[in-house]
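Heads up, the thing below is written out as structure tokens.
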Amino acid sequence: MEEWIKASLEAKYISKVEASSVQSGVFCEAFTSPWYDDGVVFDWTALHQRLTQPTAALSQVTKAVTALRRFGAEALKAASSGGDKKCFSTVVELKEPWTLHLLSEQAQHLSVFDVLSGTPPSAPTAAPLAANSTSPASSSRDGRRLYTFLRGPPGQRAVKEDMARALSSAEEQFRAKGMHVVSFMSSFVLFGSDFTDMLHSTAAVFRALTEVGFSVDGHGSCLGPRVVSPLRVGSEDWWTTSPLQQVTSEEDVADLLVRLFYQWLQDAYIWGCTAPLRLFPEAEEAQAKKSARLFDRFLRGLVMPRARAIGLDALYASLPEEGGSLIELAAVGLERKRAPAGLQRWSLVELRVILAQLGAYEHIPTEYLSSTH
């Protein structure tokens, strides 16, 4: 946490706030988590409940999933009907695009977050701090440190909606220029039937996005065209650029599932604006034991029912009841989410497509993983 705060202050991403200046209240709590990017997360539940009526969580994400599925299926159909033998896809993945969103003074007042010192994370509440009753000294005595965001915080609904509109506008501009592209969360996914044209279109999208200030995630992107294949999942026409029949070893199965698990948590937090998972507040349950329990819930509840449909047949032989070592292999990756290094086997869109095919985006992690059915 301290390293993140120091780096964010230096980057003018956040600013320290004196408790005496906070009049509207604190509606966010920051805490560390080994399962999310940067290891720091923010729970905006109290703010969301104050500003808007509760809405169907992840509804916008599930709508975007439908648009992504249909766009790819239509691109495949168009390539086939046009006599082309192959359909290709590339991905330009943006890195934390919300950090470009400048907050107004009012939005900054509502983006104050509380860092508790020496206490375990607890459910956030709107904690009013009256200017005439609370001083910086008293804030220091009870262990509270207050900061506010100067640019778009992750997981805050208003920021996400503004960013989604900006990315949708960029998508429309690309399409007006004849590019077959769809935006999905932080990804721009391109389709086409000509390999060379795809390279030029991808370069044009990359250049246009970086020229307006976005950073491209080199690890999460897929800038080289990959062949798109049709895939039928249940009653839906899907597509894939990474057939899972190629995943055969226990190690690869475990690696893929841990990546999917982390991506599900991250997307629900950032793009679904749901509360991040509070991992280990219970002193009586060891971290490794709880990690295995939550991962097993994800595995058996969301992955296994559709694993064969998406081509992940190798999963079943890896299960403990079949003599496999899946849980033990996954345990290493579940210690913490590691920053990607080097060439990645799966782009973020490929992971997200698999999650969508599994129906994972229809569920809120904090609710699903705590359920018993």
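Following our numbering, the numbering of the sequence shown begins with 1461 at its first residue and continues without gaps. All C-beta atoms in this analysis are idealised placements derived from N, C-alpha and C, irrespective of residue type, glycine included. Only a predicted model underlies this, so the values are computations on that prediction, with no experimental measurement involved.
Classify residue i: buried if its beta carbon has 16 or more other beta carbons within 10 angstroms, exposed otherwise.
i       : result
Pro1780 : exposed
Ala1767 : buried
Leu1818 : buried
Glu1553 : buried
Gly1684 : exposed
Gln1616 : buried
Gly1542 : exposed
Lys1637 : exposed
Thr1526 : exposed
Ser1628 : exposed
Leu1562 : exposed
His1660 : exposed
For the beta strand (DSSP E) that residue i lies in, which residues bound it at each end?
i       : result
Val1641 : Val1641 to Phe1644
Arg1605 : Arg1604 to Phe1609
Ser1831 : Per DSSP, Ser1831 belongs to no beta strand (DSSP E) and is neither H nor E.
Ser1481 : It is not in any beta strand (DSSP E) - Ser1481 carries neither H nor E in the DSSP assignment.
Ser1549 : Phe1548 to Glu1553
Asp1715 : Element bounds for Asp1715: not the beta strand (DSSP E) but the alpha helix (DSSP H), Glu1710 to Ile1730.
Leu1683 : Cys1682 to Val1687
Whose C-beta lies closer than 6 Å to the C-beta of residue i among residues of the same chain, with five residues either side of it excluded?
i       : result
Val1649 : Val1551, Val1642 and Val1809
Tyr1776 : none
Gln1568 : Thr1608
Just to confirm my understanding: we take residue i, look at its own chain, exclude 5 residues before and 5 after, and list those with CB closer than 8 Å. What are they?
i       : result
Asn1592 : Low local confidence applies: a pLDDT of 34 at Asn1592 is under 50, so the model's placement there is unreliable, with the coordinate-based value given in what follows. Excluding residues within five positions, none has a Cβ falling inside 8 Å.
Ser1595 : Caution is warranted here: a pLDDT of 35 is assigned to Ser1595, below 50, making its placement in the model unreliable, and no coordinate value can be reported.
Thr1522 : Tyr1821 and Glu1822
Thr1585 : Residue confidence for Thr1585 is low, a pLDDT of 42 falling below 50, so the modelled location carries little weight; the figure read from the coordinates is stated next. The residues are Ala1506.
Ser1751 : Leu1739, Ala1791, Leu1794 and Glu1795
Leu1570 : Ser1484, Phe1487, Leu1507 and Leu1511
Who are the Cβ neighbours of residue i in its own chain at under 7 Å, not counting the five residues just before and after it?
i       : result
Pro1800 : His1679
Leu1720 : Leu1811, Ile1814 and Leu1815
Gln1726 : Tyr1496 and Asp1497
Ala1790 : Ala1714, Leu1717, Val1718 and Phe1755
Since residue i and residue j should fall inside the 8 Å C-beta cutoff, what is the C-beta to C-beta distance between them, to a whole number of angstroms?
i       : j       : result
Ala1735 : Thr1656 : Not really, about 46 Å apart at Cβ, beyond 8 Å.
Leu1829 : Arg1757 : 5 Å
Leu1560 : Phe1674 : 7 Å
Lys1472 : Leu1610 : 6 Å
Val1482 : Leu1606 : 6 Å
Under DSSP, the alpha helix (DSSP H) around residue i begins and ends at which residues?
i       : result
Glu1470 : Glu1462 to Glu1470
Thr1492 : No alpha helix (DSSP H) contains Thr1492, which is instead part of the beta strand (DSSP E) from Glu1489 to Thr1492.
Arg1530 : Ser1519 to Ser1541
How about residue i and residue j: are their beta carbons less than 8 Å apart?
i       : j       : result
Gly1532 : Phe1651 : yes
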